[in-house]
Amino acid sequence: MKEYFAIILFVVAVSFFSARVVFEKKRGFFRFAGLEIYILGVILSFVFSGQDFFTSLCPLFILALAFAGFGFGIQFEKGILKEIRAKSFLYGFLASLNFFILFFVLHFFYPMNIAIPLSAIFSIPSSSILFSIKKGKRPVIAGELSIVLILIYYTVAMYGFKGVLLSVVFGLAGFLIIPFERILKKMEAYILALGFLLLVASLSQMFNTSIILSAFFMGFVVAFFSKPRYSSAMVGRIEQPLFLSLLFSSGLFFQLGSIVIFAFLIAYIPIRFLFTFLLFKRKSIFFIPIGALGIALSIETKVPYIITFTAISYFILLVVFEFIYRGEKWYT
Amino acid sequence: MVYLILSAFFTFLLFLVRRVAVPPSVMVDIVLSLAFIVIIGFFLGKFFELLQFPAISGYLIAGLILSPYSFGLMNFEPLNNLTFITEIALVFIAIQSGMEMKMSFLKKHGRGIIKLTLSIACVTFIGVFTASLLFFQRISLETPLKAAILLGSLLILKSPLSTIAVIKESGVKKTEMGDTILAIAILKDIIVILLFAMLISLFGGEGSSIILSIVELIGSLAVGVIVGGLVALYMRHVNVEMPVFIFILAFLVSQFRFIHIDPLLVSIITGFFIQNFTFAGEEFQKVLDNISPAIYLLFFALVHALTDVHAIIKVMPIVLILIGVKWLFTELGLIIGTKDPIIKKFGSVGLINQSGLSLVLVLIIESTFPEIGGIIKVITIGVIIVTDLFAPAMFKHALVKAAKERKRSRGKTSSAS
């Protein structure tokens, strides 16, 4: 089992590394960050098989999920939260209702354990793309709030209120990072933050709650109660390879399953677009793509066809977004 | 004190978690184990640093506390699944050891230092070899001679990294004593590593011959030079994501054992080549220094987590005897090899500390010679633990005293003239 684990880590490192080198050398072969790594995962899914292989992916998933949550939570600095007006809360809440609309439809066709994650995945926008909105912060803040709310709905639906409570408790580990950020060196702070993230993630698994939400609260605590010097830098540094490892893992779980649901979910995107258009007008195009959190949530379900739907939709929606929104240079 | 309290708190937390819940799978257990190893190891390392001990001592003790052999706080399976991390870390540490060997430094110290190092190494080897041979014969080990030769070679080592750290911490700038001890430590590394590559090839089972071992040795040297050259080329033309690049490099080099090329020797030559024959030495060293705390923590804590604490306690008498013998014979080597009265007086204290590299070598012995590897590993770890607890502090004290004495004797000489 450990050989598999080592090989996967190696492949992810090599893929990330080559992607970065290509990117740095400005040879833009890969317009859409991560597509090559997803295809690599899909190819390898035909080579590797068996329970051992997929079980050995688990630590990588756990870490990637924790980073997805932590990276999202650490954006909520005090300064940003001070800008929030009541209207933004209302808009955020309204945008989060996407989850219920989708869930209402899906629960007729699917059992709860599939319908809930699918609803969450396809109603969460991409946080990094929301942040690329230059003028008018309301859609950004409302969008971010809607993501938090959807994460909470998802956790309540999957793990009950106890799950949310446990996530909050585990998230308090963020308070242990804050004092050390001030006194430790950069690398030491990285090591400690990584240790706490691993701890929160493994405890969330053991006590049956969402890794993403626990890590989110941890990141939120760090960002809100201090001016994170190193944690944000660490997220910036590790976020990308871990996001790529999420895409790689998605590729490994490649399984098309039912094409009908896939078509349905794609057809749902215009509905979502219309819904957000009512709230945010032209800015609603920023709500089209699925982000790292959506992919992380899909992996948390461990259901191959949901993971595949999400990954493929991620790329399709990214293309759609870029088609509509031209001119700006962005990188996920 | 805060660090000690925090490490105690997290150890207790681990105990509670183990009581309350069971990890749903081995892989979750791996993540949990890794988390506690990182956190407890980190806090204990900081605590030891504040006590003026090397942080490695803290990692080492964290590993021993968390070991399944001691309090059952961790399980064997997750730890066994993490051994590939130690293999990669091993290459990293070996590259760093190679980087320590600066030709300019050795040239500056000339033949005198080589003579002194050889004298200390040979005398110490004879002393430790004899003592361990007697011990291995007494416990009726199957191949006592082989085990004694390997242990004797291992205990020659002295860590250049900890020497540098202690010299820096002591605040005594540019002392002859510090420079001499550092040069000896570096030269000892070179001698032992070359000796080890030969010994491993020679003892490495049926079919091994001197010619084959020389071929393997030359092959490893050549590959080391090629890898070093590639690193330098990469740094000149690309120089992106160095930590990831080093991880990939370490992973690949650790796999060289499958083609009969010694990963350790390759790594050391790589480090040596980059440092002395390319432009990239300084920059590469900076990157290594930057990521080394994480690597050390994982390596030392994980290796010790898989060490049987009870076995170390059992061999403690021989560990103490071997440390005594090493000290005594190092003193003898200094008497034979140098005329400098101050180095004669204080030098042995600086040379007693066992190197972290010996842990790297002992893991190779364990995998190559499982029949004797276990006992050699336990004894070596015992020596590392004991010497790490007192040697750095004593060396620091000796450095300060030696500097004062040197100043006094120089003052006397100048006033006499």
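Order-wise, the sequence lines are chains W and H. Under the numbering used here, the first sequence is numbered contiguously, ending at residue 344. Under the numbering used here, the second sequence is numbered contiguously, ending at residue 628. The beta carbon of each residue, even a glycine, is placed where N, CA and C say it ideally should be.
Not flagged as an interface residue toward chain W: H:Ser-431, since no C-beta distance is shorter than 8 Å.
Chain-order list of chain H residues neighbouring W:Val-54: empty, with the shortest C-beta distance near 22 Å, by a criterion of under 7 Å. Note that the C-beta distance between H:Gly-252 and H:Ala-602 is not below 8 Å. Each residue's CA atom was taken as its position, placing W:Asn-125 and W:Leu-309 some 12 Å apart. By the Cβ criterion, the stretch 257-266 of chain W is in contact with the stretch 315-326 of chain W, since at least three pairs of Cβ atoms, one from each stretch, lie closer than 8 Å.
Boundaries of the alpha helix (DSSP H) harbouring H:Phe-456: 453-465, taken from the DSSP string. Annotation for H:Val-498: Met-453, Pro-454, Ile-457 place their beta carbon closer than 8 Å to its own, counting only its chain and skipping 5 residues before and after. Any Cβ of chain W closer than 8 Å to the Cβ of H:Glu-452 would place that residue at the interface, and such an atom is present. Contact note: H:Ala-246 reaches chain W through Gly-207, Leu-210, Leu-211, Ser-214, using a C-beta cutoff of 7 Å and chain order. Listed along the chain, the chain H residues whose CB falls inside 9 Å of the CB of W:Ile-189 amount to none; the nearest CB is some 11 Å away. Following the DSSP letters along the chain, one finds W:Ser-261 inside the alpha helix (DSSP H) bounded by residues 242-264. Distance from the CA atom of H:Leu-562 to the CA atom of H:Trp-538, rounded to whole angstroms, is 8 Å.
H:Leu-517 and H:Leu-290 have their alpha carbons spaced roughly 7 Å apart. Of the residues H:Thr-541, H:Leu-531, H:Lys-615, H:Leu-509, the one whose Cα lies closest to the Cα of H:Ile-553 is H:Lys-615. Taking a beta-carbon distance threshold of 8 Å, H:Asn-564 does not count as an interface residue toward chain W. For W:Gln-217, the chain H residues whose C-beta falls within less than 8 Å of its own C-beta are Pro-234, Pro-235, Val-239, Val-242, listed in chain order. With a cutoff of 8 Å on beta-carbon distance, H:Thr-294 and H:Phe-510 are scored as not near each other. Contact check between the stretch 183-203 of chain W and the stretch 153-160 of chain W: fewer than three CB pairs, one atom from each, fall below 8 Å, which does not count as touching.
Under the three-state reduction of DSSP output, W:Phe-112 falls in the helix class. When the alpha-carbon of H:Gly-440 is set against those of H:Gly-482, H:Ile-401, H:Ile-402, the nearest one is in H:Gly-482. Burial state of H:Asp-500 is exposed, judged by a 10 Å Cβ sphere holding fewer than 16 other Cβ atoms. Restricting attention to alpha helix (DSSP H) runs no shorter than 4 residues, the stretch 127-210 of chain W encloses them at 139-142, 150-183, 186-195, ordered along the chain.
Within the stretch 298-313 of chain W, no residue has a Cβ lying closer than 8 Å to any Cβ of chain H. A straight-line Cα-Cα distance of about 27 Å links W:Ser-131 and W:Val-233. At a beta-carbon threshold of 7 Å, the residues of chain H lying near W:Glu-200 are Pro-504, ordered along the chain. Listed in chain order, the alpha helix (DSSP H) elements of length 4 or more contained wholly in the stretch 561-621 of chain H are 568-579. The CB of H:Asn-501 comes closer than 9 Å to the CB of Lys-198, Met-199 in chain W, given here in chain order. Listed in chain order, the positions of the stretch 224-257 of chain W with a beta carbon within less than 8 Å of a beta carbon of chain H are Pro-253. Put simply, the backbone Cα of W:Ala-279 is about 14 Å away from that of W:Ile-113. Of the residues H:Lys-588, H:Lys-313, H:Ser-620, H:Pro-504, the one whose Cα lies closest to the Cα of H:Asp-551 is H:Ser-620. A straight-line Cα-Cα distance of about 32 Å links H:Gln-263 and H:Ile-337.
Using a Cβ-Cβ cut-off of 8 Å, H:Phe-456 is close to Phe-29 of chain W, given in chain order.
Contact check for H:Ala-332 against H:Ile-401 fails: the beta carbons are separated by 8 Å or more. At a beta-carbon threshold of 7 Å, none of the residues of chain H lie near W:Val-23; the nearest stands roughly 10 Å away.
With contacts defined as CB atoms closer than 8 Å, W:Val-212 and W:Ala-78 qualify as a contacting pair. Spanning the alpha carbons of W:Phe-82 and W:Leu-206 requires a straight line of approximately 11 Å.
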